[in-house]
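For the sequence shown, this note's numbering begins at 822 and goes up steadily by one.
Using N, Cα and C, we set each Cβ at its ideal position, and we do this for glycine too.
Here the structure is laid out as structure tokens; the discussion comes afterwards.
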Amino acid sequence: MYGIKEYLAACNDRRKFLLQQLAWLKEERQQHDADAGRLQDVLHRSGDEMAGYLIPEVSDEFLADLENRLAFPGLLSIKRDFEQRFDEAEKRRIELAAMPEIEHYEIKLRELDEKIKERHPEYDQVRSDIAYWHHSKWHRKLEKAGYYESDYRPGWFRRFFDWRSVSFLIAELAKQADLKFDHPDKLKEHYRVLRDKAHWITTAYEVLGEDRDRLVALKQEYEDTLAAPERLLAELYQALGAATVEHLLACPEDLRIELAGQDRTLNTFLRKHSGLTKQVQYLRELAVARIDSRLQQLDIEIAKINAKIQKLEMQRRRGKRKRYSKADIDRMRAVKADKWARRHAKTTKMRRRISQFDDYDRGSFVGGYLWWDVMTNASAADDIYEVREHRMQNPDWDHRRFRDPTDQADGIRDDDQGIGVIDDAAEALASSMASDATSDLYDPS
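Quick look at the structure:
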């Protein structure tokens, strides 16, 4: 028989193992998120590449023809909006170029800098002089009471407290700023003069700074108008491309099939966009279905074992005697490490298989195509909603026998193009040879 000490050691071993699994799952969750984020970036770049291919030029003739092909009468209106922006930028450039501030910019900037440099010493000095006053709590009390104003008419109690503040302020200024006043009226008059002087000098200095800022801003605006044609042209291409891609992805599938059947490059773009979209989707769903669920289970188990350990520690401190059999100890240490290791391996393998997939020509952008099967060789995935629903509704569907309608339209995968379609028998043979390596990708337990 064993005591609390031995059983507690077994509990701690179990907790240590569970914490290790928790750490691994959290790290794997981060890897899923990182891979999904990387593929999301690739998806965005793929969209930009598709836009660049679809919009190689922006002439009216080309855009009108593209509108007709895509059944999308919105491209020329986008260009007209940008033409107006081009005209406005050019008009503003001409206005700015005629301004003396732009024509003689260097001279005016140098003059302002010299004036600012000339005024800076007195500006710093007056700020330093008045800072002694503003930092004093006695001065702030007097200023709040209106002591320095010409209409100051205090009552008896107010006069008493202000007289007290004046006394402390006179002593403070004599010590810190070497300012000596033998009468409160002299202190008041000195501050009034200093305040007016500080206001005038500060205002004049700040006006010079504002004038300089305005001059620099005008110059920057002028530089922007000079660069506007190139910038607006790039924005025009981007706007046209984004609108075209958005329309193409949202238009009726029959139109996409027709266009892709006539354009091999567009077909490739559409397949890649569809495949990348599914990769991101699958990785995020796998993270929830196969990692988050296990994390929740582990949190529950760790909470239970922590509570048990805490209870046992308390019983041991109190000297309570308990007896445990070898079977009790063995059950506590039975963490099924091999099963966890296999589960981790399958999780990582599935993530890598999906995230590293790049043979998009094997898939299709048409609705109802299950990318999961071509990416994972039809691995089990009842916990992935799209896969489960697709297989329930299409029990006989097989990605190896799927024939893309765009391939039938133009023969994109003909053998003479070097791509080819493996016949069903060869595909089935290849699948059976690979089954041993892929059949354990998911452990439903």
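Strand pairing of residue i, partner residues [DSSP]
{"i": "Y1145", "result": "Y823"}
Backbone CA spacing between residue i and residue j [nearest angstrom]
{"i": "N1215", "j": "R1115", "result": "30 Å"}
{"i": "E911", "j": "D1204", "result": "59 Å"}
{"i": "L1047", "j": "E1210", "result": "57 Å"}
{"i": "D1132", "j": "Q1177", "result": "Note on identity: in this sequence residue 1132 is Lys, with Asp being the wrong assignment. Spanning the two alpha carbons is a distance of roughly 48 Å."}
{"i": "F893", "j": "E1074", "result": "14 Å"}
{"i": "Q852", "j": "G895", "result": "41 Å"}
{"i": "L1015", "j": "Y953", "result": "11 Å"}
{"i": "I923", "j": "A992", "result": "55 Å"}
{"i": "A1038", "j": "F978", "result": "55 Å"}
{"i": "I1126", "j": "R850", "result": "24 Å"}
{"i": "A1128", "j": "R1224", "result": "58 Å"}
{"i": "H1011", "j": "W1021", "result": "16 Å"}
{"i": "D1231", "j": "G1188", "result": "With a pLDDT of 48 at D1231, under the threshold of 50, the modelled position of this residue cannot be trusted; read the value that follows with caution. Approximately 19 Å between the Cα atoms of the pair."}
{"i": "F1186", "j": "Q842", "result": "38 Å"}
{"i": "A1201", "j": "D908", "result": "60 Å"}
{"i": "D862", "j": "I1175", "result": "16 Å"}
{"i": "A844", "j": "D1228", "result": "47 Å"}
{"i": "E1134", "j": "G1140", "result": "10 Å"}
{"i": "R1173", "j": "D1179", "result": "12 Å"}
{"i": "K996", "j": "H1004", "result": "16 Å"}
Nonlocal neighbours in the same chain, by C-beta distance under 8 Å from residue i, ignoring five residues either side
{"i": "K826", "result": "R1137"}
{"i": "K1143", "result": "G824, I825, Y828, Q1136"}
{"i": "A1019", "result": "V947, R948, D950, I951"}
{"i": "T1024", "result": "none"}
{"i": "L1250", "result": "Unreliable positioning characterises L1250 in this predicted model, as indicated by a pLDDT of 34, which lies under 50. The coordinate reading is nonetheless provided below. Contacts found: none."}
{"i": "K1093", "result": "S867, Y1181"}
{"i": "L860", "result": "L1097, Q1100, V1101, L1104, S1176"}
Three-state secondary structure assigned by DSSP to residue i
{"i": "G873", "result": "helix"}
{"i": "W1192", "result": "helix"}
{"i": "R940", "result": "helix"}
{"i": "F883", "result": "helix"}
{"i": "P975", "result": "coil"}
{"i": "N1198", "result": "coil"}
{"i": "F989", "result": "helix"}
{"i": "Y969", "result": "coil"}
{"i": "W984", "result": "helix"}
{"i": "E878", "result": "coil"}
{"i": "S1095", "result": "helix"}
{"i": "I1126", "result": "helix"}
{"i": "M920", "result": "coil"}
{"i": "W1218", "result": "coil"}
{"i": "A1064", "result": "helix"}
{"i": "C1072", "result": "coil"}
{"i": "L1087", "result": "helix"}
{"i": "I1205", "result": "coil"}
{"i": "R1224", "result": "coil"}
{"i": "R1139", "result": "coil"}
{"i": "G1184", "result": "coil"}
{"i": "A857", "result": "helix"}
{"i": "K900", "result": "helix"}
{"i": "H925", "result": "coil"}
{"i": "D999", "result": "coil"}
{"i": "V1037", "result": "helix"}
Beta-carbon contacts of residue i that lie in its chain and below 6 Å, excluding the five residues immediately before and after
{"i": "S767", "result": "Coverage of the chain is limited to positions 822 through 1266, which leaves residue 767 absent and any answer about it impossible."}
{"i": "Y1145", "result": "Y823, Y828"}
{"i": "L875", "result": "T1065"}
{"i": "A966", "result": "D983"}
{"i": "N940", "result": "According to the sequence provided, residue 940 is Arg. The question's Asn does not apply to it. Excluding residues within five positions, the ones whose Cβ falls inside 6 Å are Y1026."}
{"i": "F1002", "result": "I991, L1008"}
{"i": "G1184", "result": "R1092, G1096, W1192, V1195"}
{"i": "Y973", "result": "G967"}
{"i": "M787", "result": "The structure shown does not extend to residue 787, since the chain is modelled only from 822 to 1266, so the question has no answer here."}
Nonlocal neighbours in the same chain, by C-beta distance under 7 Å from residue i, ignoring five residues either side
{"i": "E1042", "result": "L917"}
{"i": "D1245", "result": "Per-residue confidence for D1245 stands at a pLDDT of 42, beneath the threshold of 50, marking its modelled position as unreliable; no derived number is given."}
{"i": "R1154", "result": "A831, D834, R835"}
{"i": "R980", "result": "none"}
{"i": "A857", "result": "V1101, L1104, R1105"}
{"i": "R906", "result": "L1053"}
{"i": "V879", "result": "K900, L1057, Y1058, L1061"}
{"i": "D1149", "result": "Y828"}
Residue i: CB within 8 Å of a non-hydrogen atom of the ligand ADP
{"i": "R1137", "result": "What this structure holds is no ligand at all, so the ligand ADP is not there to describe."}
For the region 895–902 against the region 873–884, are there 3 or more C-beta pairs whose distance is under 8 Å?
yes
Is it a yes or a no for the region 1194–1201 touching the region 1050–1060, going by three-plus beta-carbon pairs under 8 Å?
Short answer: they don't touch.
Are three or more beta carbon pairs between the region 864–873 and the region 1151–1166 nearer than 8 Å?
no
Give a yes or no on contact between the region 832–847 and the region 1023–1038, applying the rule of three or more CB pairs nearer than 8 Å.
No, the region 832–847 is not in contact with the region 1023–1038.
Under 8 Å: do the region 1168–1177 and the region 1068–1078 share three or more Cβ pairs, one atom per stretch?
no
Could you tell me whether the region 928–940 touches the region 1082–1098, where touching means 3 or more Cβ pairs closer than 8 Å?
no
With three or more C-beta pairs closer than 8 Å as the rule, is the region 920–934 touching the region 1076–1084?
no
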